[in-house]
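Comments concern the structure below.
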Amino acid sequence: AIAADEDGTTLGAPCVVLEWVEGASSARDLLRGARAVDARPVATTRLIEDLAHVAAGVHDVDWQRAGLGEGAGGTAPADVAARQVTHWEQAFLDHRLEPHPVLASLFGWLHDHLPEPGRISLVHGDLRPGNFLYQEEGVTALLDWEMAHLGDPVEDLAWVYRPLWSPARFLSLPDFLAAYARHGGGDVPAATLRYYRVFSEVKFATISLTGAHAFATGRTSNIRLADRATMVTHCLQQALEWVEQDTEDLAHA
């Protein structure tokens, strides 16, 4: 960010002026075997390794010095996971179109198995293909920070490898975690990874229900959201598989 006109006094409407950064953003192109903005092939494995490097950098931000703890709702390690679960559970209760008992029970599982993070970090909240710019040499910028918050950094790592956009065909999750650790991100406990893989499916299911609710209630006419609730079943099936899986096997899933 270069400048902000929060109330529109200078430019006539609230706005923010951002630095121009070159790069492609297409998740589809990336996951099919990326080509950068100048149509040159991208070494996708190297690119995903660079994403691990970038993630480690985000999680290493000195958020206290930057003043990011102000208004964060408390930063005690025992609170950050609970705050995210409660946030998405309330969104589920506000936007569901039917009871969804399995999803409700998964929120119960999340509350019952809250991990205590090894550290509190800046969490991007939507770290995945499609939300960063890239060129042949690597990641050039992270996009879409609207879900950023203070929390457990493992949350971002699990989200990167959600099945819908997972880059596992280019770099396995264990190799991604190894690259993350090499760049200072630290080790990731298997049980914590399982927790956030379950959380990721519950979160995405809730986002899907929110979109479906917006269409059903007339808040949007975006036809892409008309059948968004159909994605929930797959999310729940995947979450239940991870709930039942041994933690030793999770990093290889």
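Every number in the numbering used here is 1182 more than the matching position in the sequence shown, counting from 1. Here a beta-carbon is modelled for each residue, glycine too, at the ideal position from N, C-alpha and C.
Cα separation between residue i and residue j?
i: Pro1299; j: Val1243; result: 16 Å
i: Val1203; j: Gly1307; result: 21 Å
i: His1395; j: Glu1280; result: 10 Å
i: Val1262; j: Leu1193; result: 38 Å
i: Leu1375; j: Leu1359; result: 10 Å
i: Thr1415; j: Asp1189; result: 43 Å
i: Gly1215; j: Thr1226; result: 7 Å
i: Glu1328; j: Gly1205; result: 20 Å
i: Ala1264; j: Ala1408; result: 31 Å
i: Cys1417; j: His1269; result: 18 Å
i: Ser1390; j: Trp1245; result: 30 Å
i: Ser1403; j: Gly1366; result: 45 Å
i: Glu1383; j: Thr1191; result: 42 Å
i: Val1370; j: Gly1239; result: 16 Å
i: Glu1426; j: Leu1339; result: 20 Å
Where does the unbroken alpha helix (DSSP H) through residue i begin, and where does it stop?
i: Tyr1378; result: Ala1372 to Ala1398
i: Asp1338; result: Val1336 to Val1342
i: Gly1249; result: Run containing Gly1249: none; DSSP gives neither H nor E here.
i: Val1240; result: Thr1226 to His1241
i: Pro1356; result: Leu1355 to Arg1364
Can you confirm whether residue i, when its beta carbon is compared against all beta carbons of chain C, has any partner nearer than 9 Å?
i: Leu1288; result: Of the chains in the structure shown, none is chain C; there is only one protein chain.
Which residues in the same chain as residue i place their Cβ atom closer than 8 Å to its Cβ, once the five residues preceding and following it in sequence are excluded?
i: Arg1310; result: Ala1209, Trp1341, Val1342, Arg1344 and Trp1347
i: Leu1332; result: Trp1245, Leu1250, Gly1251, Ala1254, Thr1257, Val1262, Ile1302, Ser1303, Leu1304 and Val1305
By DSSP, does residue i sit in helix, in strand, or in coil?
i: Gln1419; result: helix
i: Gly1333; result: strand
i: Leu1346; result: coil
i: Ala1183; result: coil
i: Ala1323; result: strand
i: Leu1193; result: coil
i: Ala1206; result: strand
i: Ser1303; result: strand
i: Val1414; result: helix
Could you spell out the range, first to last residue, of the beta strand (DSSP E) harbouring residue i?
i: Phe1314; result: Phe1314 to Gln1317
For residue i, collect the residues of the same chain with a Cβ closer than 7 Å to its Cβ; drop the 5 residues on either side in sequence, then sort them by chain order.
i: Asp1187; result: Leu1193, Pro1196 and Cys1197
i: Thr1392; result: Ala1273 and His1277
i: Asp1232; result: Gly1320 and Val1321
i: Thr1184; result: In the sequence under discussion, the amino acid at residue 1184 is Ile, which differs from the Thr named in the question. Closer than 7 Å at Cβ, skipping near neighbours: Val1199, Leu1200 and Glu1201.
i: His1295; result: Tyr1377
i: Phe1352; result: Thr1226, Thr1227 and Ile1230
i: Val1284; result: Leu1418
Comparing the CB of residue i with every heavy atom of the ligand SAM, is any distance shorter than 8 Å?
i: Asp1276; result: No copy of the ligand SAM occurs in the structure displayed, which carries no ligand at all.
Please return the same chain residues whose Cβ sits closer than 6 Å to the Cβ of residue i, not counting the five positions on each side in sequence.
i: Val1236; result: Val1321
i: Gly1312; result: Ala1209
i: Asp1326; result: Asp1308 and Asn1313
i: Pro1259; result: Glu1298 and Pro1299
Q: List in chain order: all unbroken beta strand (DSSP E) runs of 3+ residues lying wholly within the segment 1257-1306.
A: Here the runs fully enclosed are 1303-1305.
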